[in-house]
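Numbering (the numbering used here), first residue to last: 32 to 113. No residue lacks a Cβ here, since even glycine has one placed at the ideal position from N, Cα and C. Okay, structure first, notes after.
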């Protein structure tokens, strides 16, 4: 089961491939919604040493960053070893 927890935004690394998909208009719309309703859906991250790597939720993360927030609600996903 996924556990929701607050994560410092500065500790979340966004892979380069994901950054290329960023849509500024979408970030703006999400930020406006978050001003009214807060963060309703956590992002997903995986641990990477003492920091995290973003798996899902780039636009939510960037919207919170644009709003000046310091933390983001995140589901911590454990990577499976094969």
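Put simply, the stretch 88-105 touches the stretch 45-60. At least three CB pairs are less than 8 Å apart. Residue 46 has no beta-bridge partner at all, per DSSP.
By the 16-neighbour rule on beta-carbons within 10 angstroms, residue 88 is buried. Contact between residue 98 and residue 45 does not hold, since the beta-carbon distance rounds to 17 Å and is not under 8 Å.
Around residue 53, the same chain offers 89, 90 and 93 as residues with beta carbons nearer than 8 Å, after the five sequence neighbours per side are excluded.
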